[in-house]
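Under my numbering, the first residue of the sequence shown carries the number 8, and numbering increases by one thereafter. Cβ coordinates follow ideal geometry from the N, Cα and C atoms, glycine included. Nothing here was measured: the structure is a model prediction, and the numbers come from that model. Heads up: the structure comes next, in structure tokens.
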Amino acid sequence: MSKNLVIVESPAKAKTIKKYLGKDFEVLASYGHVRDLVPKEGAVDPDRNFHMHYQVIDRNEKHVESIARALKQADRLILATDPDREGEAISWHLYELLRERGLLDQKTTERVVFHEITQRAVREAIDHPRGLSNDLINAQQARRALDYLVGFNLSPLLWKKIKRGLSAGRVQSPALRMIVEREEEIERFVSREYWTLDALVAKDESPFTGRLQIYNGRKLEQFDINNEADADQARQTLLAAAQGRLRVAKVEKKQRRRNPAPPFTTSTLQQEAVRKLGFSASRAMRVAQQLYEGIDLGSGPTGLITYMRTDSFTLAHEAVEEIRGLIAQRYGRDKVPETPRQYKTKSKNAQEAHEAIRPTSALRLPEAVKAHLTVDQFKLYDLIWKRTVACQMIHATLDTVAADLEAGGPDHVFRATGSSVRDPGFMAVYREDQDDTPVENDERLLPELEEGESVTLHDVRADQHFTEPPPRYSEASLVKALEEHGIGRPSTYASIISTLMQREYAELVNRRFVPTDIGRIVNTFLTQHFTQYVDYDFTARLEDELDEISRGEKDWIPVMEGFWRRFHEQVKEKDASVSREEAVQAREIGTDPQSGRPVSVRMGRYGPFVQIGTKEDEEKPRFAGLRPGQKMDSITLEEALVLFQLPRELGETPEGEPVSVNIGRFGPYVKFGSRYASLKKEDDPYSIQLPRALELVAEKKEIDANRFIQVFEEAGIQVLNGRYGPYITDGSKNARIPKDEDPKALTLEQCRTLLAAAPEKKSRGTRKGGSKKKATTKTSSGDKAKAGKKAAAGKSQATGTAGAPRTGTRSRKATSNPH
């Protein structure tokens, strides 16, 4: 019997802590959250002070039961979940579940927190317990309630007005707005031409260059020389004035200091992991979690870094002293500043996590633990170790030189610059790269120059340039922008990005975010009709209010009231006043030359499509889905009309069956006779020819020949090869074939007898805690052949009429999304 039961969040952490605490402690994992809001409308009741209805999360119910059984054998419950709001909420939820079951009577319950999983930190936390923090719990409840109310009210409105399956989140929506606004800025951007002129110079056979700064007696601005003719004229003028020599008019020598970057916070760790290691934000956090929870270094698991969800720059005094000692020993005493460096955070709520992300021991060198780490773990640990050590080192000292070079006098002046590293300081360990800018070259040496001397001018080079639009957001720059606007908090950045990708609101192209058509439409709808709720300042102020709740400075109920009433009224008003035609942003792009009817592009339930005609016409409209890569905002009439070329008749099979190609709900396919074969990824339905189509037909026939053992077509009964062996089916029932029967020899009557004795197919029924799924309609053999192409649904619809039936559609429940 263990007198002490310790609860942490993950089994890896439990294993590490168990090693430190010994036999008098049982350590179990909650496996994250143990309960959440019931996934249906009414889980948060604004009319009852935002009372929240919770239920145990299905997948963690068994873990709660294990904790309950272990608690019966213990005298003391120690809640040791993570040291942030989320961790506090997990401890509280577990406490409430155990209290409701009457398991806490005559038990001591304590809350402990530690920011690193080391024996010292864990023991110290156990010796200094506290109670649960109502302020942190209320802040987390308010955040969860806000996210739920936004999700369960906005998402159904998006379904109704735009397309089913969409979602809107309190923090996700402003992030989407950032991506869309950057794309619109790029599209509006008008490039401008400009030219630069560089002198190609040498002294004592040491070449260097100088950029033209003064031309014809005035300082040169960026667009003063903006065409080839002017650039060529300037080049000739400068060469004539210089006569092969430039005079050194002025030499400036300075020393410049560069200070190290502060230790990592969650945000800066994600940014650097994206830039330097090529990680995604979620991958960085996943690996950091592993390093925090513990890695087996040969004598059991050891936590290698401190808690990785933090916005604090603080380092523990003991850690700083250890780092300074390491620097002196490894890099020299002259690399240690006189006093420890201290960094201040701009975050108002950084006390939630007491330290920056650092190694639990700087003496644990990356090379020493490399053999015990995965490739990703080593890369991230190495990055954290170097950044932490560098932040306590002396500044780097750079010598800079700037020389003004006159061409024939002071009316034409080039400037040459150079720099060299006098003392690398912290740069011997770590350099921070800024996103969207090249890494600074610290070694641009100039030869020794003296005022009054002349140097050889070999040529003047004129280079054409064009201004470029601002870059699209990368994961690193998006995280940085979210942080700068005060949107989200350290634990939410990775999930915000994941949600945008999962909802297909944005996609990564060359590691940059590009909004999709549906992402643009959702953003436009929200910014037009719910402007306040996707406003950056409003979202940031709401985050500040949640922080104030966590510090005990505000009550959470009034904050909820202030948000909810106005938001709820706005949802009802927009539901009544906004038409779907407005919401889906239908755009007329021209007239069909054959029918004279208007051609428009719009968003439908399966994705963007082109429409010929209107619903008011006597003849039903025709539809065609956009091809991959085509955008609603940019598709032209000519491109749209091509989409109506399907189905294409290609010819016949050798047996005389007609062959055609089309696009269905599950993607492009070849039809031969009454059967279907899916196109491969590399096949284009608009250009595929008969020979390639016949190859696909042959493949399909071979697959079917191996699948169909017997077909009793008149009875609708088939004997098929299945995943688990031969079986009989009539489409509604399946029957096993006895082992002593030969499937090829079965008669129709035997098949009917076996089918009659077979059990009815089980209906899907009602899922636990959810609604009943709608049954799908029976699919054709062609649909079955294309079932694997589900990803293409909506992006490539077949052309057809408004009344064309759809198969296999399902309704989805509204779900709230915290981001």
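Apart from sequence neighbours up to five positions away, the residues of its chain that approach N160 with a beta-carbon distance below 8 Å are F574, H575 and V578, ordered along the chain.
Sorting P698, R572 and L653 by C-alpha distance to the C-alpha of P692 places L653 at the top.
Between V668 and L657, the C-beta gap is smaller than 8 Å, which places the two residues in contact. Taking C-beta separations shorter than 6 Å and ignoring five residues to either side along the sequence, the partners of T116 in its chain run L84, following chain order. Between L727 and I716, the C-beta gap is smaller than 8 Å, which places the two residues in contact. In this structure, K393 is the residue among R634, K393 and F719 with its C-alpha nearest to the C-alpha of K283.
Between the segment 379-392 and the segment 233-242, the count of C-beta pairs closer than 8 Å stays below three; the two stretches do not touch. Exclusion of the five residues before and after T474 leaves S198 and R199 as the residues of its chain whose Cβ lies within less than 6 Å of its Cβ. Under a 10 Å Cβ-count criterion, A712 is classified as exposed, with fewer than 16 other Cβ atoms of the shown protein chains found around its own Cβ. Annotation for V34: V13, V15, A21, I24, K25 and L28 place their beta carbon closer than 7 Å to its own, counting only its chain and skipping 5 residues before and after.
Around the CB of D524, 16 or more other CB atoms lie within 10 Å, so the residue is classed as buried. Using a C-beta cut-off of 8 Å, the segment 595-609 makes no contact with the segment 180-199, since fewer than three inter-stretch Cβ pairs fall below that distance.
E588 and K47 have their C-alpha atoms roughly 29 Å apart. Restricting attention to S174, A742, H100 and L207, the CA atom closest to the CA of S140 is found in H100. Uninterrupted alpha helix (DSSP H) stretches at least 4 residues long and entirely within the segment 628-689 occur at 644-649, given in chain order. Residue burial annotation: A752 is exposed, with fewer than 16 other C-beta atoms found within 10 angstroms of its C-beta. Per DSSP, the continuous alpha helix (DSSP H) segment holding Y338 begins and ends at H324 to Y338.
As summarised for the segment 71-151, the continuous beta strand (DSSP E) elements at least 3 residues long and confined to that stretch are 83-86 and 115-118, given in chain order. E374 sits in a helix when the DSSP states are folded into three classes. Taking the Cα positions, S586 is about 11 Å away from F532. Annotation: P565 is outside any beta strand (DSSP E); the continuous alpha helix (DSSP H) that includes it extends over W563 to S584. Annotation: the continuous beta strand (DSSP E) that includes Y222 extends over S213 to Y222.
Here the C-alpha atom of Q592 lies approximately 21 Å from the C-alpha atom of E514. Looking at the backbone, the Cα of K260 and that of T244 are separated by about 30 Å. Short of 7 Å from the beta carbon of R242, and not among the five residues preceding or following it, lie these beta carbons of its own chain, in chain order: L204, V467 and A469.
Taken atom to atom, the span from the alpha-carbon of D43 to that of N67 is near 11 Å. Distance check between V45 and each of S73, A326, G307 and A152 places A152 closest, using alpha-carbon atoms only. Distance from the Cα of I169 is smallest, within the candidate group G614, D134, R92 and L104, for G614. In the three-state DSSP reduction, L161 falls in the helix class (H, G or I).
For P373, the closest of Y388, Q113, A87 and A128 by C-alpha to C-alpha distance is Y388. By the Cβ-count criterion, G495 is buried, with 16 or more other Cβ atoms from all chains shown falling within 10 Å of its own Cβ. When the beta-carbon positions are compared, A363 and T317 come within less than 8 Å of each other. Here the C-alpha atom of V71 lies approximately 22 Å from the C-alpha atom of A50.
The three-state reading of DSSP puts H536 in helix, counting H, G and I together. Straight-line spacing of the CA atoms in S602 and R629 works out to 11 Å. Here Q179 is buried. Its C-beta has 16 or more other C-beta atoms within 10 Å.
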